[in-house]
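In numbering that gives the first Met the number 0, the protein residues as written are 0 to 289. Backbone N, C-alpha and C define an ideal beta-carbon position, used for all residues, glycine too.
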Amino acid sequence: MEVIHTVAWMKQVSRQARTENRILGFVPTMGALHEGHFSLVRAARQQCSPVVVSIFVNPKQFGPSEDFQKYPRTFEADRAALEKLGVDYLFAPPPEEMYPRGFRTAVLIEGLSDRLEGHSRPGHFRGVATVVLKLFEIVQPRIAYFGRKDAQQVRIIEQMAVDLDLDARVVACPIVRASDGLALSSRNVYLKGPDRQAATVLYRALEAVRREIAAGQRDAAQLMVALRKVLQTEPGVALDYAEIVDAETLEPVMTLRRTCYFLLAAFVGRTRLIDNALIEQDGESFKVSL
Ligand code: AMP
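Okay, here's the thing in structure tokens:
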């Protein structure tokens, strides 16, 4: 595996792959890698060669009071793990390489960016879309892999790819969870002592929703009641938002239809976690993927 730190060299490598008509697969990350990231890498390895992974803790997607400074950074371990997984190139640019002095451009995906996560974290998706478009320009992927754990993010990137006629195909991969259901996240290292156990309540609440849906419930308000009932059993957990939305528009729905997401964000102590369920219509019934 070759580690690349400059935009110019990364572009050179991707240009070469394109000339050779190879299918370049790309997995953008912020490092502190875990099995969630590795699942994306494995998916890329199955379909693409070469595989490029980027590690870049993007300052533009963190709010002023967020955890940019203390975001976990484990470069050496990440590098070793990616090498073992058979990744071809690790692109790890320093911030000044991505945002040289005088950088001014931003990407805005109207309507999808300011709701839900975007409402709680103003400017977050502006930062995400900007860096992902830049990375796509540099890496020139044929296929880019994202986790459904960040469902709104995937939806926004998909829309950006359509609107801007990007060549990259965006693939969404399932959520990887710990054995107790907690969705893997680089931020889980913040969960100390009893918070780690309390954090499983997000999964347990979504499981309760899944049971309600299996029992025939289709009403969003009633499903919300089922979710809150479980969340309330953990007093240290404070809900930020919970919404059932259409998977395409991300607008709230009153009753389940077609494909929806049940999206939620909650504070466990001081750690903010997100999770979601994908709800897909299948004839008369609905399939719920956690
Ligand atoms: P991050 O490093 O947090 O920016 O995440 C990089 C990519 O990994 C994003 O596409 C995430 O959605 C994805 N990802 C993070 N956690 C998980 C998980 N538990 N399961 C699946 N994908 C994940």
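Exposure label - residue i; buried when at least 16 CB within 10 Å
i	result
G110	exposed
A79	exposed
G35	buried
P63	exposed
V2	exposed
K228	exposed
L163	exposed
V287	buried
G101	exposed
P49	buried
S284	exposed
Secondary structure of residue i, DSSP reduced to three states
i	result
R72	coil
K286	strand
Y202	helix
Y303	Coverage of the chain is limited to positions 0 through 289, which leaves residue 303 absent and any answer about it impossible.
I156	helix
F135	helix
Q216	coil
P92	coil
D149	helix
F266	strand
P58	helix
V170	strand
E65	coil
E279	strand
E242	strand
A237	strand
F102	coil
E116	helix
A182	strand
G24	strand
Heavy atom of ligand 2 within 6 Å of residue i beta-carbon
i	result
I156	Ligand 2 is not part of the structure shown, which contains ligand 1 as its ligands.
**Study point:** Residues with C-beta closer than 6 Å to any heavy atom of ligand 1, in chain order
**Key:** T28, M29, G35, H36, S38, L39, F145, G146, K148, D149, C172, I174, V175, A182, L183, S184, S185
Practice item. Answer yes if the region 164-178 comes into contact with the region 242-251, meaning at least three C-beta pairs across the two stretches below 8 Å, and no otherwise. Key: no
**Study point:** At least three beta-carbon pairs within less than 8 Å, the region 21-32 to the region 179-197
**Key:** yes
Review point. Would the region 217-226 and the region 251-260 be scored as touching if the rule is three or more Cβ pairs under 8 Å?
Key: yes
Check your understanding: Should the region 172-182 be called in touch with the region 193-205, which here means at least 3 C-beta pairs below 8 Å?
Key -> Output reads yes: the region 193-205 touches the region 172-182.
Review point. Quick one: any contact between the region 118-138 and the region 70-79, if contact means 3 or more CB pairs under 8 Å?
Key: no
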